[in-house]
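Here the sequence shown stands for residues 6 to 122, where the numbers follow our numbering.
All C-beta atoms, glycine included, are put in the ideal place defined by N, C-alpha and C.
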Amino acid sequence: MQIKQWFGFVPDFIITLDAEYCRHCGDAEFMALVEHELYHAAQDTDAFGAPKFSRSTGRPVFTIRGHDVEEFVGVVRRYGADAAGVRALVDAANGPPEIAKAQISHACGTCRLRIVS
Ligand SMILES: [Zn+2]
6 MQIKQWFGFV
16 PDFIITLDAE
26 YCRHCGDAEF
36 MALVEHELYH
46 AAQDTDAFGA
56 PKFSRSTGRP
66 VFTIRGHDVE
76 EFVGVVRRYG
86 ADAAGVRALV
96 DAANGPPEIA
106 KAQISHACGT
116 CRLRIVS
């Protein structure tokens, strides 16, 4: 009810940013944080990996997407990026930033929820 009062409808996603953090972080950190949060917003997929749509409305069914990679540094160190399935991340990390260097670790509320749980 409160969301309908605020927006006039129920949006597919709501991204909440910490105003105090955003006030103090740089442009690159702000952009990285917003992009990080947008990557969490995704269309759900069916059992075959195809985009899922609602049978009643025909609209896309959305979900909160997890991170592309979750692995231990020790496993990657001992068995390699390919064995650990993190090759794409390692390749991306070995290149220069496409936008700018930024530090946003622990700034994502979704990530913090997963760390706590
Ligand atoms: Zn996150």
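Residue state for ILE104 is assigned as coil, using DSSP reduced to three classes.
ILE8 counts as exposed, since fewer than 16 other beta carbons sit within 10 angstroms of its beta carbon. For CYS113, the CB falls within less than 7 Å of some heavy atom of ligand 1.
In the DSSP assignment, PHE67 falls within the beta strand (DSSP E) that extends over 67-69.
When Cβ pairs closer than 8 Å are counted between the two stretches, the stretch 39-49 is seen to touch the stretch 10-26, the count reaching three or more.
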